[in-house]
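**Q**
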Amino acid sequence: MEVNCNLSIIRGPNFPVPKDTQLHQLFELNSRRNGMDDKVAIILEDTEQNIITHLSYASLEIKANQLARKILQFLSANNRKGVNKDGDYVITVCMHPSEKLIITLLAIWKVGAAYLPLDVNTPISRMEHIFSEVYPLMMITDQKVENSESSYVVNYDKMETEAKELPSCTLSENEILHTENPSPIAIILYTSGSTGVPKGVRLPHAVIMNRLSWQWRTFPYTNTERVCVFKTALTFVDAVAEIWGPLLFSDPRTLLIVPKHITKDPEKLIQVLDTYKVERLVLVPSLLQAIFMYLDMIKKQFCMNYNKLSSLKLWVCSGEPLPVSLVKKFFSQFDPEEYTLCNFYGSTEIMGDVSYYAIKSMKQLNFDDKIPIGIPLDNTTLYLLNQNFQPVKNGEIGELFVSGYNLAAGYVAGRDPEKFINNPFSSDSGHAKFYRTGDYGKIIDSVLLYEGRVDSQIKIRGQRVDLSEVQGALNKIDVVQKSAVLCYKPGDMNQAVIAFVTLSAGCTTSAKEIQNKLKESLVPYAIPQILITENIPLLNNGKVDRQKLLKMYANNADNERRNQCEFDYTDIENSKLKPAKCLFETIISVLGNTIQQPLSVNLNFYEIGGNSLNCIQTITRLRERGYFIGIADFISAPNLGGILSRMQHEKHVKENIPNVLDVKHKNFSKSKYKYEMLDESHRDAVFKIITDSFYEKADLEQWIIPKPNRECYTDLLEAIWEPLITKNFSFAVYSEYDEKYVGISLNFDAYDEPEVHINSNLTIIFEFLEYLEAPIRKKLPFGKRKLFHSFMMGTDDLLNAAQNIQVVICMENEILRIAEQKGFAGVFTTNTNPLTQQLGTDVFQYYTLLDYQVNQYVAQDGSKPFAMAPDSQKAIVSWKPI
Numbered sequence: 002m003e004v005n006c007n008l009s010i011i012r013g014p015n016f017p018v019p020k021d022t023q024l025h026q027l028f029e030l031n032s033r034r035n036g037m038d039d040k041v042a043i044i045l046e047d048t049e050q051n052i053i054t055h056l057s058y059a060s061l062e063i064k065a066n067q068l069a070r071k072i073l074q075f076l077s078a079n080n081r082k083g084v085n086k087d088g089d090y091v092i093t094v095c096m097h098p099s100e101k102l103i104i105t106l107l108a109i110w111k112v113g114a115a116y117l118p119l120d121v122n123t124p125i126s127r128m129e130h131i132f133s134e135v136y137p138l139m140m141i142t143d144q145k146v147e148n149s150e151s152s153y154v155v156n157y158d159k160m161e162t163e164a165k166e167l168p169s170c171t172l173s174e175n176e177i178l179h180t181e182n183p184s185p186i187a188i189i190l191y192t193s194g195s196t197g198v199p200k201g202v203r204l205p206h207a208v209i210m211n212r213l214s215w216q217w218r219t220f221p222y223t224n225t226e227r228v229c230v231f232k233t234a235l236t237f238v239d240a241v242a243e244i245w246g247p248l249l250f251s252d253p254r255t256l257l258i259v260p261k262h263i264t265k266d267p268e269k270l271i272q273v274l275d276t277y278k279v280e281r282l283v284l285v286p287s288l289l290q291a292i293f294m295y296l297d298m299i300k301k302q303f304c305m306n307y308n309k310l311s312s313l314k315l316w317v318c319s320g321e322p323l324p325v326s327l328v329k330k331f332f333s334q335f336d337p338e339e340y341t342l343c344n345f346y347g348s349t350e351i352m353g354d355v356s357y358y359a360i361k362s363m364k365q366l367n368f369d370d371k372i373p374i375g376i377p378l379d380n381t382t383l384y385l386l387n388q389n390f391q392p393v394k395n396g397e398i399g400e401l402f403v404s405g406y407n408l409a410a411g412y413v414a415g416r417d418p419e420k421f422i423n424n425p426f427s428s429d430s431g432h433a434k435f436y437r438t439g440d441y442g443k444i445i446d447s448v449l450l451y452e453g454r455v456d457s458q459i460k461i462r463g464q465r466v467d468l469s470e471v472q473g474a475l476n477k478i479d480v481v482q483k484s485a486v487l488c489y490k491p492g493d494m495n496q497a498v499i500a501f502v503t504l505s506a507g508c509t510t511s512a513k514e515i516q517n518k519l520k521e522s523l524v525p526y527a528i529p530q531i532l533i534t535e536n537i538p539l540l541n542n543g544k545v546d547r548q549k550l551l552k553m554y555a556n557n558a559d560n561e562r563r564n565q566c567e568f569d570y571t572d573i574e575n576s577k578l579k580p581a582k583c584l585f586e587t588i589i590s591v592l593g594n595t596i597q598q599p600l601s602v603n604l605n606f607y608e609i610g611g612n613s614l615n616c617i618q619t620i621t622r623l624r625e626r627g628y629f630i631g632i633a634d635f636i637s638a639p640n641l642g643g644i645l646s647r648m649q650h651e652k653h654v655k656e657n658i659p660n661v662l663d664v665k666h667k668n669f670s671k672s673k674y675k676y677e678m679l680d681e682s683h684r685d686a687v688f689k690i691i692t693d694s695f696y697e698k699a700d701l702e703q704w705i706i707p708k709p710n711r712e713c714y715t716d717l718l719e720a721i722w723e724p725l726i727t728k729n730f731s732f733a734v735y736s737e738y739d740e741k742y743v744g745i746s747l748n749f750d751a752y753d754e755p756e757v758h759i760n761s762n763l764t765i766i767f768e769f770l771e772y773l774e775a776p777i778r779k780k781l782p783f784g785k786r787k788l789f790h791s792f793m794m795g796t797d798d799l800l801n802a803a804q805n806i807q808v809v810i811c812m813e814n815e816i817l818r819i820a821e822q823k824g825f826a827g828v829f830t831t832n833t834n835p836l837t838q839q840l841g842t843d844v845f846q847y848y849t850l851l852d853y854q855v856n857q858y859v860a861q862d863g864s865k866p867f868a869m870a871p872d873s874q875k876a877i878v879s880w881k882p883i
C-alpha cells in the first residue's frame, strides 16, 4: 500500500487480474478437475419447507449448460436477441434462494448475458421502471406464470423440464450471444437513486474478478474451511462475493444456501453455522448485535457459557457503521489471537468494497469513538478532495473519490454521468475514471475514517435508501399535502426513517393506510414510520426545520405511551390480562415512540417497527420479567395475540415440564417423539449425533490439550457398538414432526459393561469418571440388573434451546421407564453439563452423591488435565432409586 505523506491519497497494492476471462469460465474449469463428479457444490437444507438438496459441481455444470441452451432456444423462438441501449444483453431473475437460482445465474452467464436480480416482493411500479430502462431479453421466475402474462416471463421448472433433452456439454462460441462492449457486463443491480428514482449499476466480469481475486489473496480459505454461506439477498452486492467466492476459487468450496427465515432467527442461524463449521460470515452490525444478544440470553438462562461459533474465525461487517461498543463486545466473546473482525466499506458502484480494516485486538482502536474503514483493496486508489476537486491534507475531511479496477461501468441508460468522472491524477488506463461516493472521510495514521454523507442517502440493514425517493413516493399519494422525511439517529443501531405528513383538508386517512399505499412503490425496508401532524415547521429561509422535527420525534410522549389508554385489551381473556400487560409494556420499552397506534393483539410486531434485533431485545426483557417464549415462536407468530398465546410464565414452565412429559401421562402416547431400541439401522444417526454433541459441546474434553478430535469419538463408538446393540438398553429418539432422529441415549448395566480399549486422550475422561464413580458404586446396590448406567446422551445440533430441553427430558423419562421395566434398582449417572445437572436435580429428583470441582483432579501421572477449567465446572454423580 502507498500513502501520500502530505495529501489524502492512498493507493492499494497492484496485482495482475485476468481481464479477458469471464466468470463462468472459472466454474467450467473447476468442474472439469478430477474428483468434481462427487464434490458437493451446493447444499440447501430447509426443514421448514422439507427441502434437502445436495448438488455436485459436475451436476451443476450439466444443468447450467442445458438451461443455457434452453434460454437460447427461447430467445430465438421469440426473436429476442437484441442488446439494449447500453449494448448489454440482460436477463432478469426473480427467484427464491435455492440450487435452482444458482443454476439460473450460471446459465445466464454461459448464454453471454448479464443477470439482473429482482426481489420476489418487488413493487410492480419499481419493476416497470426497471424494465423500461433495461429492456431485458426475458425474466426467469420460480413463481407460477399465468398464460396472460408477458411472453418473456418464463417459469424455471418448465424450462428445466424441457432442457433435460438438450446437450450437457459446454457451449461453444458459435452458440452464445456476443456483445461489442469491450468489458462485458456480468451483473446489474438496482439501488436507491439520489434523484429519488432507482438506478441500475452495471458490473463487468473484470470488476467482479478483481474483487474476488483480492478476497482470495487477502483472506484465503483455510484447509479446514470446506463450507461457505450464501445468506444475503441477491439484490444486495454482498451476495456476489458470498456466492461466487467459494464456487469460482481454484480449490472450490461448498456453498451452503441459508433460507431467509433462518437468517432472521439468530438462534437458528447460529445452529446452522455451528453444524457446518462455517469459518467466515458477512453480516451487518445490527445482525452481529442480535447474535450477541442471543448468546447473552442463553448464558443467563442456563447459567453457562455456550461454546457456540467456535469455528467462525473471520467476521466481516459491512453495510452500516460499526460501533466501537460492538467491537468491544466481540473481543469479550472471542479470543483476539484466533478471531478477526473486519470493517468493510463500499457501495454497489464500487463492487461492494473498496476499503477494509481487519481488527485483531482492542489495541488497534485508538481513533476515539470510530472504527476505521481502513485501507484500499488491490488495484484501487482512494482520494479525499475538497470542493475544488483538489486533495485535502492528511487529517482534514474531504469527499471520498475512488479509482481503479473495482469501479462499475456506470449506470443503466447512462444515468447520472457526473458520478463517474475523469480522473486528472492518474495516467493509468485502469484508473482513468473516478467514482464520486458522496461520503466524507479523513485519513489518520494511514487509514481512512468515515465522516458521514453529503446527500440524503442512508443504509438500513445494509441496504441503501435515499430519503428523497421516500419523499417522492409520499408526495404522489393524493391525500398527502406536505411531507418531510428524516433519519433519526443515522448510523446508530436503532436508527429509524420517519416521515412527518400533513393531510389535505378534511382528510381522515390514518398513518397505517399511508404505509400500505407506500408498499406499492417502495421496498419494505424503505417504508418510513408515518407521523401525521397539523403543520411542518419551517426555518426563516423557508426550509424545513429538521432539528425541530427530530426533537419532536425524540420527545414524543414516552410516558404517555406507557399509559393504559395506549393498550387495547379487546378480545383478551381475563387470565391473559396480566401477561398481555407485560407484553405490551415490554414492546413499548423496546420500540418506544416508533409505535403510532394503541397496542392490540391484532398488530404484527414487525409492522409496528420490529426487526430481528429488537425482537431479541423483547424476548430478553420478557424473560427478565418471568415470561418465556422461544425465538422461533416469537418470529413466526402472526400477531401479538399469537405471541401472547405462546408465552409461558417461568413458574408455570418449571411446574409443568415433568407432568407434560411424564411417561405415565395420559397424553404421552400422542407425543411427537417416539423411541426405538438401537439396532444396525441406527448406526449413522448414533455416530453423527453423539460425535457432534461431544466434539462440540462436551464440558470436560474442551479443557484437555490437545482437544480430542472427531475420530476419537468415532473410535470409541466403534469399540462399543456391538455391546450397545446386544445389551438392548440404548435407544434413539425420532421426531415424527421433523422426520429425523433428534436424540441418542447410550446405556449399560453398570456391572456388565464391556471393556473398552481406545488409543486417544479420551482415556483421560474415563480415568477421571472411574476415579469419581468407583468409590460411590460400592455404597449402592451390587450385582447385575441393579445399577442402570446412563452412559452417554446426545441431541441433534439443529435443535433450538427449548427443543433441546424437551428432547433431553424425553430421554430421561425413557431411561426411567426402561430401568423400571428391566427390574433395575435405580439409575446411576455422572453429569458435567449444567443443563442436565439442573434437570436431574430440579425435575427428576436425582440424589446428588458427589459434587466435584473438576479442576482439582490430579491424574495418576501427577498432571491436572482440567486445570484450565473454571471453578464453576462441576461433575455431579447422581442416583435415582426406582
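Heads up, the sequence shown is in this note's numbering, so the first residue is 2 and it goes up one at a time.
Ideal Cβ placement from N, Cα and C applies to all residues, glycine included.
Here the structure is a predicted model, which means the values were calculated and not measured.
Could you give the residue range of the alpha helix (DSSP H) that holds Ala108?
**A** As a first step, residue 108 is located in the sequence shown; it is residue number 107 there, counting from the start. Taken as a continuous stretch (DSSP letters only), the alpha helix (DSSP H) holding Ala108 covers Glu100 to Val112.
**Q** Tell me, please, which residues DSSP counts as bridged to Leu435.
**A** Locating residue 435 in the sequence shown gives position 434, counting from the first residue. Reading off the sequence, residue 435 comes out as Phe, not Leu. Ser404 and Ile422, per the DSSP bridge assignment.
**Q** How would you call His206, buried or exposed, if buried means at least 16 neighbouring beta carbons within 10 angstroms?
**A** The count along the sequence shown starts at 1 and reaches residue 206 at position 205. Buried, because 16 or more other Cβ atoms sit within 10 Å of the Cβ of His206.
**Q** CA-CA distance, Phe695 and Ser312?
**A** Indexing the sequence shown from 1 puts residue 695 at position 694. Indexing the sequence shown from 1 puts residue 312 at position 311. Their Cα atoms are separated by approximately 15 angstroms.
**Q** Do the stretch 373 to 383 and the stretch 401 to 418 meet, that is, are 3 or more Cβ pairs less than 8 angstroms apart?
**A** With contact defined as three or more Cβ pairs closer than 8 angstroms, the stretch 373 to 383 and the stretch 401 to 418 are in contact.
**Q** Just verifying my parser: in three-state terms, what is the DSSP assignment at Pro882?
**A** Numbered from its first residue, the sequence shown carries residue 882 at position 881. Three-state result, Pro882: strand.
**Q** How far does the beta strand (DSSP E) with Thr54 in it extend, from its first residue to its last?
**A** Mapped onto the sequence shown, residue 54 falls at position 53. Note, Thr54: beta strand (DSSP E), Ile52 to Ser57.
**Q** Mind listing, in chain order, the continuous beta strand (DSSP E) runs of no fewer than 3 residues lying wholly within the stretch 165 to 245?
**A** 186 to 192, 200 to 205 and 228 to 231
**Q** According to DSSP, what are the bridge partners of Met96?
**A** As a position in the sequence shown, residue 96 is number 95, starting the count at 1. DSSP lists no bridge partner for Met96.
**Q** Please list, in chain order, all residues of the same chain as Pro882 whose beta carbon is under 7 angstroms from its beta carbon, the five residues on each side excluded.
**A** Taking the sequence shown and counting its residues from 1, one reaches residue 882 at position 881. Contacts found: Ala826 and Gly827.
**Q** Use the C-beta contact count for Asn211: other C-beta atoms within 10 angstroms, 16 or more gives buried, fewer gives exposed.
**A** Taking the first residue of the sequence shown as position 1, residue 211 is located at position 210. By the neighbour-count rule (16 or more Cβ atoms within 10 Å), Asn211 is buried.
**Q** When burial is assigned at 16 or more other CB atoms within 10 Å of the CB, is Ile632 buried or exposed?
**A** For the purposes of this step, residue 632 is taken as the residue at position 631 of the sequence shown. Buried.
**Q** Provide the residue(s) that pair with Asp440 in DSSP beta bridges, ordered along the chain.
**A** Here residue 440 is taken as the residue at index 439 of the sequence shown, counted from 1. BP columns for Asp440 point to Arg454.
**Q** Could you name the residues of the same chain whose beta carbon sits closer than 7 angstroms to that of Cys170, not counting the 5 residues immediately before and after it, in chain order?
**A** Numbered from 1 along the sequence shown, position 169 holds the residue referred to as residue 170. Only Asn66 meet the Cβ criterion.
**Q** According to DSSP, what are the bridge partners of Asp47?
**A** Working through the sequence shown from its first residue, we reach residue 47 at position 46. Per DSSP, Ile52.
**Q** Is it buried or exposed for Gly863, if we count other Cβ within 10 angstroms and need 16 for buried?
**A** Residue 863 sits at position 862 when you count from the first residue of the sequence shown. That one is exposed.
**Q** Keeping to the same chain, check which residues put their C-beta closer than 7 angstroms to that of Leu551; ignore five residues upstream and five downstream.
**A** Residue numbering aside, residue 551 sits at position 550 when the sequence shown is read from its first letter. Here the set comprises Leu487 and Tyr489.
**Q** Starting from the C-beta of Phe368, find all residues in its chain whose C-beta is less than 7 angstroms away, skip the five residues before and the five after it, and write them out in chain order.
**A** Position 367 of the sequence shown, counted from the first residue, corresponds to residue 368. Correct list, in chain order: Ile445 and Leu450.
**Q** Among Ile589, Gln26, Trp245 and Glu163, which has the Cα closest to the Cα of Phe889?
**A** Limits of the chain in this structure are 2 at one end and 883 at the other, which puts residue 889 out of reach.
**Q** Compute the Euclidean distance between the alpha carbons of Ala242 and Leu235, then round it to the nearest angstrom.
**A** Position 241 of the sequence shown, counting from 1, holds the residue named residue 242. Position 234 of the sequence shown, counting from 1, holds the residue named residue 235. About 11 angstroms.
**Q** In terms of residue numbering, what span does the alpha helix (DSSP H) encompassing Phe331 cover?
**A** Taking the sequence shown and counting its residues from 1, one reaches residue 331 at position 330. Its alpha helix (DSSP H) spans residues Val325 to Gln334.
**Q** Which partner residues does Arg281 have in the DSSP bridge list?
**A** Along the sequence shown, one-based indexing puts residue 281 at 280. Beta-bridge analysis with DSSP links Arg281 to Leu315.
**Q** Whole-angstrom Cβ separation of Lys90 and Ala115, contact assumed at under 8 angstroms?
**A** Within the sequence shown, residue 90 is the residue found at index 89, counting from 1. Within the sequence shown, residue 115 is the residue found at index 114, counting from 1. In the sequence as presented, Lys is not what sits at residue 90; that position holds Tyr. Right, their Cβ atoms sit about 7 angstroms apart.
**Q** Give me the Cα-Cα distance between Ala108 and Arg647, rounded to the nearest whole angstrom.
**A** Translated into the one-based positions of the sequence shown, residue 108 becomes position 107. Translated into the one-based positions of the sequence shown, residue 647 becomes position 646. Using only the alpha carbons, I get a separation of about 45 angstroms.
**Q** Can you list, in chain order, the residues of its chain whose CB lies under 7 angstroms from that of Lys20, leaving out five sequence neighbours each side?
**A** Stepping through the sequence shown from its first residue, residue 20 is reached at position 19. Excluding sequence neighbours, Lys20 sits near Ala207.
**Q** Which residue or residues does DSSP assign as beta-bridge partners of Glu677?
**A** As a first step, residue 677 must be located in the sequence shown, where it is residue number 676. For Glu677, which the question treats as bridged, DSSP gives the partners Ala733.
**Q** For the alpha helix (DSSP H) containing Pro724, list its first residue and its last residue.
**A** Against the sequence shown, residue 724 aligns to sequence position 723. First-last of the alpha helix (DSSP H) with Pro724: Arg711 to Lys728.
**Q** Grab me the residues of Phe332's own chain with a C-beta within less than 6 angstroms of its C-beta, minus the 5 sequence neighbours each way, in chain order.
**A** In the sequence shown, counting from the first residue as 1, residue 332 sits at position 331. Cβ neighbours of Phe332 beyond the five flanking positions: Met363.
**Q** Output the distance between the C-alpha atoms of Pro782 and Phe829, rounded to the nearest integer angstrom.
**A** In the sequence shown, the residue the question calls residue 782 occupies position 781. In the sequence shown, the residue the question calls residue 829 occupies position 828. Roughly 11 angstroms between the two C-alpha positions.
**Q** With DSSP as the reference, please indicate the residues paired to Ser362 in a beta bridge.
**A** Taking the first residue of the sequence shown as position 1, residue 362 is located at position 361. The partner list for Ser362 (beta bridge, DSSP) is empty, contrary to what the question assumes.
**Q** Within the chosen definition, does the stretch 43 to 61 reach the stretch 165 to 184 through at least 3 CB pairs nearer than 8 angstroms?
**A** no
**Q** Tell me whether the beta-carbon of Thr837 lies closer than 9 angstroms to the beta-carbon of Ile690.
**A** Translated into the one-based positions of the sequence shown, residue 837 becomes position 836. Translated into the one-based positions of the sequence shown, residue 690 becomes position 689. Going by C-beta atoms, Thr837 is not nearer than 9 angstroms to Ile690.
**Q** Compare the C-alpha of Gln649 against each of Glu677, Tyr674, Ile620 and Lys675 and name the closest.
**A** For the purposes of this step, residue 649 is taken as residue 648 along the sequence shown, with counting starting at 1. Checked all of Glu677, Tyr674, Ile620 and Lys675; the closest Cα to Gln649 is Ile620.
**Q** Please determine, among Asp143, Leu172 and Val121, the residue with the shortest C-alpha to C-alpha distance to Met160.
**A** Stepping through the sequence shown from its first residue, residue 160 is reached at position 159. Nearest C-alpha to Met160: Asp143.
**Q** With a cut-off of 8 angstroms on the beta carbons, I'd call Ile177 and Lys111 a contact; round off their distance for me.
**A** Position 176 of the sequence shown, counted from the first residue, corresponds to residue 177. Position 110 of the sequence shown, counted from the first residue, corresponds to residue 111. About 7 angstroms separates the Cβ atoms of Ile177 and Lys111, confirming a contact at the 8 angstroms cut-off.
**Q** Return yes when the Cβ of Ser348 is within less than 9 angstroms of the Cβ of Val238, no when it is not.
**A** To locate residue 238, count along the sequence shown from 1; it is residue 237. To locate residue 348, count along the sequence shown from 1; it is residue 347. Their beta carbons are under 9 angstroms apart, which means Val238 touches Ser348 by this criterion.
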